[in-house]
Amino acid sequence: MKDKTQVRLKRLAVHRVGNKSKEEGVIASKELVDLHDEQLYDLLVNYFLSPFKQEEFFRFTHTSDLALNEMFAYAALIFREPHNFQEYSVHILNHLYEQSDHPKVKSGELYVVHLDGCVMEDEVVEAVGIFKSENKDTFLTFQDEAEDLSVNYHFGVNLKSVDKGCIIFNTQAEDGFRVKLVDANSHDAVFWKEHFLNVTELQDTNYSTKTVLNLCKDFSEEVFARTESKKAQVEFISRSVDYFSKSDTFDLEEFTSSVIDEPETKERFMSYSQTFAEERDIEGFTDFAINKNTVRNMKRKFRNFIKLDTQIEIKFSGYNPEQSEQYVERGFDKERNMHFYKVYFYNES
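Listed below in structure tokens is the structure:
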């Protein structure tokens, strides 16, 4: 979350949830957590909000009727009847337990949070946070005793990371609210995202930007890597990232014309992009506003180096198409029967 300064923690319920397949049961707290301790309050706010740095938004969904999505219904009830927060937090606990029937799902603490002052674009809204801590760390503790120092240890939750969490913002209720999601454990990601929450990613500018950049990445790996040189592959990626970095809007035909020179490769890319969209049931990705934050976050996923079988790598700094087009040449030496790269430069550093 970008702006945490206005966010206020209004209510907090903490419960324990076990694994249903192991019949571990649940422990439902009878009272809400006392939030008058200022230091505890600040620690909890930072613990709950700091993981949400990604651009993705999700929304609740259901195959037949959105109102039948349990978490959507409980969030709506909390927004409408905050005085019954404790009761609804127990319903959320029981719903989570019913979904925790896979042997790999860990037991842990469930935190249900009522937040206020969350900034959503130009709107300030309340939110419901659902968090689960599963992993415990060992901490050393020290105590002064008669001019001496004793050492002990205890087990607890590390406040540097949340194992699983979501924040449900009270906006766009008719479209399943707006939801942020985090899950540090990939082995049971389906359980949290699909079974417990039942959310789907919102197809906004972040989604469209990420989708087309992934399309370019896949095309470079599946088409260029098989039919062209690694240099051509790096040039395509560099041109693609350069286009997204300098343009405010994406247009598929304009992008294809500016990034790809060869007519045959252009046709392959247009055909590939159509198949890519059909297989993933994606609409509206041919023309959209580019999300610059997503571009910056996606850059690290692209390969900008050439790895040779002679244990040599040619690494390009950044994604500047001129680097490989003007300063690197590829050729073939008949005497050695080997390919080669010629690199031009002014000075060494």
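Using the numbering used here, read the sequence shown as starting at 989 and increasing by one per residue.
We treat Cβ as the ideally placed atom computed from N, Cα and C, and that holds for glycine.
Note that the structure is predicted; figures quoted are calculated from it, not measured.
CA nearest to the CA of residue i, picked from the options
{"i": "threonine 1298", "options": "Asn1279, Phe1328, Val1283", "result": "Phe1328"}
{"i": "asparagine 1057", "options": "Phe1040, Ala1265, Ile1080, Lys992", "result": "Ile1080"}
{"i": "arginine 1288", "options": "Leu1201, Gln1027, Arg1256", "result": "Leu1201"}
{"i": "glutamate 1313", "options": "Pro1070, Glu1114, Lys1219", "result": "Lys1219"}
{"i": "glutamate 1310", "options": "Asp1230, Arg1268, Asn1335", "result": "Asp1230"}
{"i": "glutamate 1086", "options": "Lys1010, His1050, Lys1303, Phe1232", "result": "Lys1010"}
{"i": "serine 1208", "options": "Ile1270, Ser1233, Arg1227, Met1326", "result": "Arg1227"}
{"i": "aspartate 1269", "options": "Ser1261, Asp1275, Phe1276", "result": "Ser1261"}
{"i": "arginine 999", "options": "Gly1272, Val1014, Val1021, His1083", "result": "Val1021"}
{"i": "threonine 1253", "options": "Glu1114, Arg1214, Glu1026", "result": "Arg1214"}
{"i": "alanine 1016", "options": "Glu1301, His1003, Gln1027", "result": "His1003"}
{"i": "cysteine 1204", "options": "Glu1069, Gly1006, Thr1244", "result": "Thr1244"}
{"i": "serine 1217", "options": "Ala1172, Ile1294, Glu1266", "result": "Ile1294"}
{"i": "glutamate 1182", "options": "Gln1191, Phe1130, Leu1084", "result": "Leu1084"}
{"i": "valine 1093", "options": "Asp1025, Lys1018, Glu1012, His1024", "result": "Glu1012"}
Proximity of residue i and residue j at Cβ, strictly below 8 Å
{"i": "glycine 1144", "j": "phenylalanine 1119", "result": "no"}
{"i": "tyrosine 1315", "j": "phenylalanine 1333", "result": "yes"}
{"i": "serine 1121", "j": "alanine 1001", "result": "no"}
{"i": "threonine 1263", "j": "threonine 1197", "result": "no"}
{"i": "serine 1088", "j": "lysine 1008", "result": "yes"}
{"i": "asparagine 1279", "j": "threonine 1193", "result": "yes"}
{"i": "phenylalanine 1276", "j": "phenylalanine 1232", "result": "no"}
{"i": "valine 1167", "j": "phenylalanine 1036", "result": "no"}
{"i": "glutamate 1044", "j": "glutamate 1189", "result": "yes"}
{"i": "isoleucine 1066", "j": "valine 1116", "result": "yes"}
{"i": "phenylalanine 1157", "j": "histidine 1090", "result": "no"}
{"i": "phenylalanine 1304", "j": "valine 1222", "result": "yes"}
{"i": "asparagine 1123", "j": "valine 1014", "result": "no"}
{"i": "leucine 1185", "j": "methionine 1326", "result": "no"}
Beta-carbon separation (whole angstroms), residue i vs residue j, contact threshold 8 Å
{"i": "threonine 1049", "j": "valine 1187", "result": "7 Å"}
{"i": "isoleucine 1225", "j": "asparagine 1146", "result": "About 37 Å; that fails the 8 Å criterion."}
{"i": "threonine 1159", "j": "phenylalanine 1273", "result": "With a Cβ gap of about 24 Å, threonine 1159 and phenylalanine 1273 do not count as contacting."}
{"i": "valine 1211", "j": "leucine 1103", "result": "Not really, about 46 Å apart at Cβ, beyond 8 Å."}
{"i": "phenylalanine 1165", "j": "alanine 1055", "result": "Wrong, their Cβ atoms sit about 12 Å apart, outside the cutoff."}
{"i": "valine 1101", "j": "leucine 997", "result": "6 Å"}
Could you give the uninterrupted runs of the alpha helix (DSSP H) lying entirely in the stretch 1043 to 1118, keeping only those of 4 residues or more? Runs found: 1058 to 1068, 1073 to 1087.
Can you list the alpha helix (DSSP H) stretches of 4 or more residues lying completely in the stretch 1168 to 1222, in chain order? Counting only runs of 4 or more, we get 1193 to 1207.
Tell me whether the stretch 1026 to 1034 and the stretch 1106 to 1123 touch, counting them as touching only if at least three CB pairs, one residue from each stretch, are closer than 8 Å. No contact exists between the stretch 1026 to 1034 and the stretch 1106 to 1123.
Would you call the stretch 1131 to 1140 and the stretch 1150 to 1161 in contact, with 3 or more CB pairs under 8 Å? No, they do not touch.
Starting from the N-terminal side, write out each stretch of the beta strand (DSSP E) that is 3 residues or longer and does not extend beyond the stretch 1263 to 1309. Runs of the beta strand (DSSP E) lying entirely within the stretch 1263 to 1309, each at least 3 residues long, are 1275 to 1277, 1293 to 1295, 1301 to 1303 in chain order.
Just to confirm the assignment: which complete beta strand (DSSP E) runs, minimum length 3, are found wholly within the stretch 1219 to 1259? Whole beta strand (DSSP E) segments, 3+ residues: 1237 to 1239.
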